[in-house]
Every structure is written in structure tokens, then in C-alpha cells.
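Every letter in the sequence shown is one number past the one before it in my numbering, and letter 184, counting from 1, is 1335.
Structure record follows, encoded as C-alpha cells.
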Amino acid sequence: MNALILVDIQNDFLPGGSLAVNDGDKILLVANTIQHKFPLVVATQDWHPSDHGSFASSHPGKRPFEMGKLADMDQVMWPDHCVQGQVGSEFSSELNAHKIEAIFRKGTDKSIDSYSGFFDNGKKKSTGLGDYLKGKGVKDVYLAGLAADFCVGFTALDALELGFNLFLIEDGTRAIDKEGWKKMKKQIIVKGGHIIQSSDI
Ligand code: VGL
Ligand code: ZN
């Protein structure tokens, strides 16, 4: 069985948001038009407390996009984004959300960041997404959403590690940093993932 995971299609990652991805809104048409091809659609949502440790504002003297440390790992200091209960954390109103059967929230623990929809960045805790998909008999995982070089990419790598066949829909994602996406894409391919276009589905 195939499943589509819509990764973090939230206002803060779209134009006008606090961590807007260039051309992030271009993925909306793709995300909306492919959903009917999947028997199962789920979504992830970046869902931070207002004092999350990935925010530059939680580290005196740090500015957004500088490097820092969190949970003993190198950490990009992000602008405040996707704060629980704020408009920025809501799914885009232009996303058709009717087919989404379950939503997996991540980044709720302020002491660690969580790019992947499956695990936190230290692989200490699971969101339950992997077991959920396995329980539904899913073998093939398709990904679209934001951002390609962070949450979509790390979700892809974990899907492969968990033994799913992985298809990343390239025209259904956009990157924060183009070079970062190039490197991420190579890793995904090396690990056996497939980079496809929505027209291939
Ligand atoms: C993301 C940076 C910080 C993402 C989330 O969804 O790609 N990026 N938090
Ligand atoms: Zn985040």
C-alpha cells in the first residue's frame, strides 16, 4: 500500500511566514492535485513551544541562521516559527486537508529539534508515524512538503532506514538552501530512495 506524507505545509514556511521557503507556495497545487491518487494521506506539523531551543530568541546573543548547540548537537538557530496555537503553525488555508487521516506533530520538546516526521534529531523518541504506517500495511512512502533540505529530507532518510520504499516528489517540495538540497538529494539516492516528479505518479 502507498501513503502520501505531507510534510509541514504550514503558514510559517510559506511566503509571508517567519521562515518562508522561496517559492514554497508553488507546492500547493502539486500537494492538492496528487492526493486523490493515494489510499492514505497523512501530514506532519512542526509544533514548537514558544521557548523552543531551536529558536535564536532562546539563546541570548544568537541571531537567526547562525549555528549553535542543542541537545549536544550542532543546531541552526531558527527564527521563531510554528509556535503551537499561532497562525504560523496552521496548515495553509490553500492546502486541501480533507483527505488527511492523521497528523503527527513534532518539535514539541524544547530541549531537542525534530526535522524528521519519524524521530527527533537525536533519534531518542519516535512520533509514532513509523508504527502507524506499518500498522496500515504501508510499504511505499511518497513525500511532498517543506522544506526539502530539512524536514522533507530527514523524513525521507528515516523512511528508508525504517525499510519503506521511498519516493520524494521533487516538484512537490522546495528548499531553504539549494546547496543543502543537492547534498541531501545525493544522500537519499545513495540510501536507495527515488526522486520523482508528480507526473510520474
Ligand atoms: C523545518 C527548519 C526548522 C522544516 C522545521 O519543516 O523543514 N525547518 N523547523
Ligand atoms: Zn521547526
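Don't be surprised by glycine CBs; every beta carbon is placed ideally from N, CA and C.
Problem set entry | 7 Å Cβ shell around Lys1250 - same chain, five flanking residues per side excluded | For the purposes of this step, residue 1250 is taken as residue 99 along the sequence shown, with counting starting at 1. Gln1186, Val1192, listed in sequence order.
Exercise. For Asp1197, which residues does DSSP report across the bridge?
Worked result: Counted from its first residue, the sequence shown places residue 1197 at position 46. The partner list for Asp1197 (beta bridge, DSSP) reads Lys1257.
Problem set entry | Contact set, ligand 2 heavy atom to C-beta under 7 Å | That gives Asp1197, His1199, Ser1205, Trp1229, His1232, Cys1233, Gly1258, Asp1264.
Exercise. From the DSSP output, which residues share a beta bridge with Ile1339?
Worked result: As a first step, residue 1339 must be located in the sequence shown, where it is residue number 188. For Ile1339, which the question treats as bridged, DSSP gives no partner whatsoever.
Exercise. Mind checking whether Asn1247 and Asn1183 have CB atoms under 7 Å apart?
Worked result: Residue mapping note: residue 1247 aligns to position 96 of the sequence shown, counting from 1. Residue mapping note: residue 1183 aligns to position 32 of the sequence shown, counting from 1. A contact, by the Cβ cut-off of 7 Å.
For this session: Starting from the Cα of Ile1346, find the closest Cα among Val1238, Val1292, Asp1197, Ser1209 and give me that residue.
Result: Translated into positions along the sequence shown, residue 1346 becomes position 195. Taking only the C-alpha atoms, the option nearest Ile1346 is Val1292.
Problem set entry | Proximity test, Phe1255 beta-carbon vs ligand 1 heavy atom, cut-off 6 Å | Counting from 1 along the sequence shown, the entry for residue 1255 is found at position 104. No - ligand 1 has no heavy atom lying nearer than 6 Å to the Cβ of Phe1255.
Exercise. Per DSSP, which one or two residues make a beta bridge with Asp1225?
Worked result: Along the sequence shown, read from residue 1 onward, the residue named residue 1225 stands at position 74. BP columns for Asp1225 point to Lys1220.
For this session: Would you kindly report the start and end of the unbroken alpha helix (DSSP H) that includes Phe1305?
Result: Position 154 of the sequence shown, counted from the first residue, corresponds to residue 1305. That run of the alpha helix (DSSP H) goes 1304 to 1312.
Exercise. Name the DSSP bridge partner or partners of Asn1153?
Worked result: Taking the first residue of the sequence shown as 1, we reach residue 1153 at position 2. Asp1291.
Problem set entry | In DSSP terms, what Thr1324 is bridged to | Walking along the sequence shown from the start, residue 1324 turns up at place 173. In the DSSP output, where bridge partners are listed per residue, Thr1324 has Gly1296.
Problem set entry | chain C contact for Ile1347 (CB, 7 Å cutoff) | Looking for chain C here will not work: only one protein chain is present.
Problem set entry | Test item: CB-CB of Ala1222 and Ser1262 under 7 Å | Taking the first residue of the sequence shown as position 1, residue 1222 is located at position 71. Taking the first residue of the sequence shown as position 1, residue 1262 is located at position 111. It is a contact, given that the beta carbons lie within the stated cut-off.
Problem set entry | Identity of the residue in Ser1265, Leu1311, Val1238, Gly1288 nearest Gly1167 by Cα | In the sequence shown, the residue the question calls residue 1167 occupies position 16. With distances taken between Cα atoms, Gly1167 lies closest to Val1238.
For this session: Could you name the residues of the same chain whose beta carbon sits closer than 7 Å to that of Lys1290, not counting the 5 residues immediately before and after it, in chain order?
Result: Your numbering for residue 1290 matches position 139 in the sequence shown. Excluding positions up to five away in sequence, the list reads Met1152, Phe1315, Asn1316.
Exercise. Skipping 5 residues on each side, what residues in its chain have a beta carbon closer than 6 Å to that of Leu1313?
Worked result: Position 162 of the sequence shown holds residue 1313. Around Leu1313: Gly1281.
Exercise. For Leu1165, does the three-state DSSP call read helix, strand or coil?
Worked result: By one-based count along the sequence shown, residue 1165 stands at place 14. Residue state, collapsed to three classes: coil.
Problem set entry | Neighbourhood of Gln1161 by C-beta, 8 Å cutoff - its chain only, sequence neighbours within 5 removed | For the purposes of this step, residue 1161 is taken as the residue at position 10 of the sequence shown. Same-chain partners within the cutoff: Gly1168, Gln1196, Asp1197, Cys1233, Gly1239, Ser1240, Glu1241, Phe1242, Ser1243, Leu1297.
Exercise. Between the beta-carbon of Lys1342 and the beta-carbon of Leu1311, is there less than 7 Å?
Worked result: Numbered from its first residue, the sequence shown carries residue 1342 at position 191. Numbered from its first residue, the sequence shown carries residue 1311 at position 160. Closer than 7 Å, so yes.
Exercise. For the candidate residues Arg1325, His1199, Phe1301, Phe1216, whose alpha-carbon lies nearest to that of Leu1179?
Worked result: If you number the sequence shown from 1, residue 1179 lands on position 28. Taking only the C-alpha atoms, the option nearest Leu1179 is Arg1325.
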